[in-house]
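What follows is a single structure, written as structure tokens, with notes after it.
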Amino acid sequence: MILVLLSLLLVGCTPETETMTDEKTSPEIKMVTPDEKHLLVDWGSDSMDRGNHDYNSITHSKLVVSPNYESLERGDVVFYKMVESEMNKNSMIPEDYLGRVVGLPGETVKIMHGHVYINNNRLDTFYGEATRTGLTEEEYFENNDLSGVVDVESVKRYFKTEMNPIQVKEGTVFVLVDQWWRGTDSKDFGLLPVERIQGTVLGYSK
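If you're matching positions, the sequence shown starts at 1 in UniProt numbering and goes up one per residue.
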């Protein structure tokens with residue numbers, strides 16, 4: 001009886017998972033007037049799509065990339081050279097790629113039940129969980145007719161994506177595409193050396 005009561009007390013005292021936020025990064029993409037220092041980049045993939053063909057230069061205009069960034073922050077979208085191992089696996093993967101910085105040097109990143117955790121704190125932001133065209137699991141299943149979906153179970157598994165913890169080393173970052181199932185990122189190849197980053201994406205060209 002005493003053991004049972006003790007167990008109940010311990011369960012009742014278990015702290016909830018703490019969260020961390022990114023109040024600086026906006027889901028809105030700016031219009032930018034490029035200058036001679038900037039790169040103008042075409043990007044046709046839907047790997048960053050949150051419901052408005054985001055970052056797609058076919059639907060919108062070219063992307064303005066600044067190669068002269070001072071430092072990288074969580075939430076930055078970067079233009080980088082894809083690691084060779086992934087291109088060797090799939091010749092369709094472009095050499096120049098986009099991804100969002102999620103983990104910084106010294107941090108430990110993991111994905112549990114479709115949510116990103118930084119140092120065991122759940123990342124509570126629009127890019128911190130598995131989505132399909134910007135929709136969370138609940139939103140996706142509430143707003144879509146799944147009668148034509150061949151494998152609904154695989155969709156459910158996607159929203160519960162898991163990844164073992166990885167510690168971000170100095171000189172590297174952990175990057176994710178915004179639509180995890182439609183792109184290649186640190187879930188696949190691990191940490192991205194900063195030397196492969198060609199610049200940060202500022203927005204669409206005016």
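Even glycine gets a Cβ: it sits at the ideal position worked out from N, Cα and C. Quick caveat, the model's predicted, so the values are computed rather than measured.
Original post:
Between which two residues does the alpha helix (DSSP H) harbouring K187 extend?
Top reply: 186-189
Subject >> Completely contained alpha helix (DSSP H) runs for the UniProt domain "Peptidase S26" (45-201), where each covers 4 or more residues >> reply: 84-89, 137-143, 152-159, 186-189
**OP:** Between the Cα of V101 and those of M48, P94, E139, S61, spot the shortest distance and give me the residue it belongs to.
**Re:** M48
Original post:
Nearest CA to the CA of E23: which residue from L176, F189, D151, Y127?
Top reply: Y127
**OP:** Pick helix, strand or coil for L10, following the three-state DSSP scheme.
**Re:** Bear in mind that a pLDDT of 41 at L10, under 50, signals an unreliable position, so the number given afterwards is only what the model happens to contain. Helix.
**OP:** Would you please state the rounded distance, in angstroms, between the beta carbons of M20 and D124? I believe it to be under 8 Å.
**Re:** 7 Å
**OP:** Using alpha carbons as the reference points, say which of A130, G183, V173 lies closest to K160.
**Re:** A130
Subject >> Span of the beta strand (DSSP E) around T19 >> reply: 19-21
Original post:
For D54, which of F141, P67, I29, S66 has the nearest alpha-carbon?
Top reply: I29
Subject >> Straight-line gap, T25 to T17 (C-alpha atoms, nearest Å) >> reply: 22 Å
Original post:
Can you tell which of V64, G51, P34, D35 has the C-alpha that lies nearest to the C-alpha of residue 221?
Top reply: Residue 221 lies beyond the range of the chain shown here (1 to 206); nothing can be said about it.
**OP:** To the nearest angstrom, report how far apart G51 and N88 are at their CA atoms.
**Re:** 30 Å
Original post:
Quick one: what's got a C-beta closer than 6 Å to Q179's C-beta in the same chain, skipping five residues either side?
Top reply: S47, D49
**OP:** Could you give the DSSP three-state label for S26: helix, strand or coil?
**Re:** coil
Original post:
Do the CB positions of S205 and L40 come within less than 7 Å of each other?
Top reply: yes
**OP:** Output the distance between the C-alpha atoms of Q198 and E162, rounded to the nearest integer angstrom.
**Re:** 29 Å
Subject >> residue 220 and T184 closer than 7 Å at C-beta >> reply: Shown here, the chain extends from 1 to 206; a query on residue 220 therefore has no answer.
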